[in-house]
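These notes are about the structure you will find just below.
Chains as they are written, first to last, in my numbering: chain R, -5 to 489; chain F, -5 to 489.
Spelled out as C-alpha cells, the structure:
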C-alpha cells in the first residue's frame, strides 16, 4: 500500500507557525504530566534516507525538555553488541519512567537493512517480527508509550534530494555510496517495509506512516501523533475514559485530517463504454465459470469480500459476478447489523461460520471490516476494540490463507458527489426508493469520519496474503469489469 | 517437569462431601452471575486416556445449569471439517455470552495426537502454538474466561486402569487398540505435552495440571480452579480490584493448597560424605576451569541463575562454583531489592544489562524470578503483573537461548526444619549473626505462600531451552557437587 499513499499533502509556510505553536505548547504540557506520572516514552523514527529524520528529531528534541529526553542514534551493532542477543542493546536503552527515548533508527534495522543486505539469515529476520512484537508488548504492558513513525518519500523524491545535497559542498558528504546503493534497492526496501508494517503494527505499538515530501506537513503530523499517543496513555492511566483535550490541544489540527490518505490517489474518472463492457463481461464470466470448476477440482476455498460506500454499487456488482457461475459452487452471504444470536458471540464468529469449504466460494456482501468502519465511526464498540481489530483481522485472514484460502477484498469507491447523485436518483425512481433510507443520509453526514476509517483500514489490513483492491466505481461498468477480472486473476494465480 | 509433579495427593471419602458442597454452591452462584453479566466461559479438558476426564466432565455438567452449558466432545476432524482451516470447527463452537462451553479434548489435539501420530507436518504443529495463543487471546480480549485443565496420571497408573477396565466385561470395550498404542507412546506424549504447556500458558489462558491419581482430589481441584477463574473475571469486570469471596466461597479450600507440587517430591535426605565431596570437587573444579576456557574460545555465553530459600546455602555454593575458575571469564552479580534507578526501569532491565557477552559467564545471585517469588508473595507488584511475568520470562530466556546462551537455573531447596536449624545456628555464632535479619524470620512465616509460588514458578518456567534444576540442599556438600556437575554437563553439551 506504500505506493498508494497520497504524498502531495502540504502545509504552507504562512500556516505552519499557527499550527505548530499550540502543538509545541501541548507537547510540553504532556511531557510534564508524563514525567510526573512516571510514564516512559519511546519514539521510533524509521524511514528512507533523506526523508528528513534528522531535522524532525532535532525539532522534537528541542520541543521536549532535554532533561527528560535522550536521542539514541542507532547504527550497525558494535563488536561488543554483536556478542549479545540482538535485542540487548535496545533493552539497555529503554527509557526509564518519566523519560523519553527517541530512536534515530531502531530495532527495526533487523528486518530492514540487515534483511535486505543479507546480514542476517532469513530465519533470523523472520523470527525477529515476533521478537519485536514481544519486546514492545513487554514494554507497553509495563506502561511505556511507544510511538513508531515511518517517514515516507518516493524513489524519485529521494534522488532529487540526494542531488540537491551533492550540489552543495557543505552537504555533499552526507550522500554516501551506501545511500546510493540503498536507493537502487528502493523496491526491495518497499517489500521489506510493507512486511514490517504489516507484521509489527499492534494495538500497543502501531505504526504511523508520515508523508514526508513536505517537511512542514511531516513535522505537524509527527507531533500530532505523539501528542495523541501521550493523551491516550495519560487518560488510560488516570482512568478517564475519554481524552479530555486541554484548550491548547483544541486548537491543534485534528489528527483525523492527518491520517495517511490512500483514497485521495484513486482516479475516479476511470470509465468504460457499453460495447467494451459487454465484450469484456462475456469473456470474463465464461472464464470465471471455468475457473470455478477448476478450483472445485483442486479443492481451493475462495473468499470474496465486498466493502464500499453506500450506493457504490455492491449489489449490482455481485449480481454480475455470479451471473455466469455454477450456483452449486458459490454462496452470497449478506451481512447487516448482527442478530441477537450473533451479538452474543465474538464479532468474528459469524464470518467464520460461513467460511467456504475447500473448493467453494463465499461472497461476503459486507464483512468483518464492519468492526473498523461502521462500529468505529458510530461508536458501536469501544476505541480499544476497533484498534485491536486490525491485528485480529490480519490474524484471521493469515490463518485462512495458510490453509490455502484465496482471499480477494474489494473496496468500491465513489466520491461524495456521485453518492449524492445516486441517492437522489433512488428517491426519484419509485421502485428504487426502498434502497435509500434515513440512515443512508445520516451516514453521508459522517463522510469524513468514514473516509478516515477506510484509509486506516486499507493501510493496516492490506497484507501480502490478503491484499485490498480499490475499485474505482463512479462508473459502474468499469467497476464490474475490474472486480471480475481481479477475481479471475487471483484464481488463476491460486491454481 | 511433569515427571516431578507430586501425584500422591488424596482426599478422603469422608472429607470429600464436606469439601465439595460449598464448591458446588459457589459454582452455581458464579454461573448465575456470569450469565447475568454475559460472560462466556470455555473449559478445556485435556489429559491422558483413563485419567478420568469423562467422570469429571460429567460432574461438572451436572453442577452447572444445563441451559447455560454445552459439552463438546472433540474427535478427529470430520471430512467436512478437514475442508476448512483447522480452527474453524472450534470457532464455530465458541460459547456465546453468558454460556459455558466444555471441551472434552480440544484444539490442543493439533499439537498432541496429530503431532505424535504424524497426522500433521512439523511445520503445521509448530505454527499451531502461535495460532492457538492468538485464538485464545482473541476470545479472552472479548471477555471469554478460558480454563484449561490437563489431567495427569503416570504411565503405570494408566496401565493399572486399563487393566481394571478390561477385567470388567461392562467396561472392557472402553480400552481400544489405539489406547494401548498411545500408552506405549507415553514418553513421546510427555515431550509433546510439556512443550504444549510451555508454549501455550499465557496470562489470559493459563494451564493447570490436575493431579488425577485420586479422583476426588482431581474433582476438588478442577472445581476450585474454575471457581477462581470466574471470580477473577467477574471482579475484573465489576472493577473490584480484589475478589471478595462470598460466605460460601470462604469455606472452600484455598486453591493455593491445590497448586501442583513439585517440591514435595524432592528427596532431601540426599547427602554426601566429606571424602567423596573433596574428591568430586577437585575433579569438577578442574574440569570447569577447562570448560571455561573452551566456551571462551567458542564464544558461548553462559548464564547461571541461583534461587533458593533463605539460608539454603547460595553464597557458599557460589563460592565453591567459582573457586577454580579464571576470574577474567566470569562475574558474580548479586541482586537485592532494586535501586531507585532500577525501579524506574522495566523489571527485567537490570538483568538484561549484565547479560554476559559471548564467551563469558554471569552468575546471578538471585534473579528475575524475584518477580514471581518475593514480589508476588509480598504484594510488591499487582497480581496481573506477576501472572504476566511467567510468559515474559520465558520469552526473554528463549531470546537468549536462540542467540546461543547456555542457561542453567538452580533452585536450592531445604525444608523448613533445616532452615530453622540454620537460622538458630547463625544467631548463636557471633560472626554469622549479620546473616540473619528480622526479614528472614518474617519470610519464614510465609513459608507456605512462598512454597506455592516456587512450585508454580518451577512448573511454568521450566522450558526445553532453560530448564530448572532443583538442588537438594539439606546437605550442603551434596548441593555443591550437584550444582557444579550440572554446570559441567550443561557446558559440555553446549560445546
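Think of the CB as a built atom: it goes at the ideal place given N, C-alpha and C, for glycine as much as any other residue.
Residue i at chain R interface by Cβ criterion, 8 Å
i: residue 367/F; result: no
i: residue 288/F; result: no
i: residue 78/F; result: yes
Own chain partners of residue i with C-beta closer than 6 Å, once the 5 adjacent residues on each side are dropped
i: residue 430/R; result: 417, 420, 421
i: residue 408/F; result: 303, 306, 467, 468
i: residue 386/R; result: none
i: residue 14/F; result: none
i: residue 412/R; result: 468
Beta-carbon contacts of residue i that lie in its chain and below 7 Å, excluding the five residues immediately before and after
i: residue 271/F; result: 471, 475
i: residue 266/R; result: 469, 471, 472, 475
i: residue 317/R; result: 279
i: residue 449/R; result: 253, 254, 255, 256, 257
i: residue 123/F; result: 105, 193, 194
i: residue 127/R; result: 194, 196
C-beta neighbour in chain F for residue i, strict 8 Å
i: residue 382/R; result: yes
i: residue 91/R; result: yes
i: residue 135/R; result: yes
i: residue 327/R; result: no
i: residue 397/R; result: yes
i: residue 235/R; result: With a pLDDT of only 48 at residue 235/R, under the threshold of 50, the placement of this residue in the model should not be trusted, and no figure is reported.
i: residue 145/R; result: no
i: residue 187/R; result: no
i: residue 60/R; result: no
i: residue 389/R; result: yes
i: residue 163/R; result: no
i: residue 420/R; result: no
i: residue 347/R; result: yes
i: residue 244/R; result: Note on residue 244/R: pLDDT 40, under 50, position unreliable in the model; no value is reported.
Whole-angstrom C-beta distance between residue j and residue i, which should lie under 8 Å
i: residue 206/F; j: residue 41/F; result: 7 Å
i: residue 5/F; j: residue 214/F; result: 6 Å
Buried or exposed (CB count within 10 angstroms, at least 16 for buried), residue i
i: residue 147/F; result: buried
i: residue 307/R; result: buried
i: residue 425/F; result: exposed
i: residue 20/F; result: buried
i: residue 432/F; result: exposed
i: residue 392/R; result: buried
i: residue 187/R; result: buried
i: residue 335/R; result: exposed
i: residue 170/R; result: exposed
i: residue 268/F; result: exposed
i: residue -3/R; result: exposed
i: residue 98/F; result: buried
i: residue 394/R; result: buried
i: residue 452/R; result: buried
i: residue 455/F; result: buried
i: residue 89/R; result: buried
i: residue -5/F; result: buried
Residues near residue i by beta carbon distance below 8 Å, same chain, minus five either side
i: residue 183/R; result: 42, 106, 110, 176
i: residue 93/F; result: 29, 34, 35, 62, 63, 64
i: residue 325/R; result: 348, 350, 354, 355, 356, 357
Within 8 Å, strictly: CB atoms of residue i and residue j
i: residue 283/R; j: residue 315/R; result: no
i: residue 143/F; j: residue 216/F; result: yes
i: residue 141/F; j: residue 260/F; result: no
i: residue 17/R; j: residue 218/R; result: yes
i: residue 298/R; j: residue 31/R; result: no
i: residue 301/F; j: residue 382/F; result: no
i: residue 198/F; j: residue 346/R; result: no
i: residue 402/R; j: residue 484/R; result: yes
i: residue 443/R; j: residue 371/R; result: yes
i: residue 465/F; j: residue 405/F; result: yes
i: residue 363/R; j: residue 210/R; result: no
i: residue 57/R; j: residue 22/R; result: yes
Below-8 Å beta-carbon distance, residue i vs any chain C residue
i: residue 25/R; result: Within the model displayed, chain C is absent; protein chains R and F are what it includes.
Near the ligand PLP: residue i beta-carbon under 7 Å from a heavy atom
i: residue 436/F; result: Only the bare structure without any ligand can be found here, which leaves the ligand PLP out of the picture.
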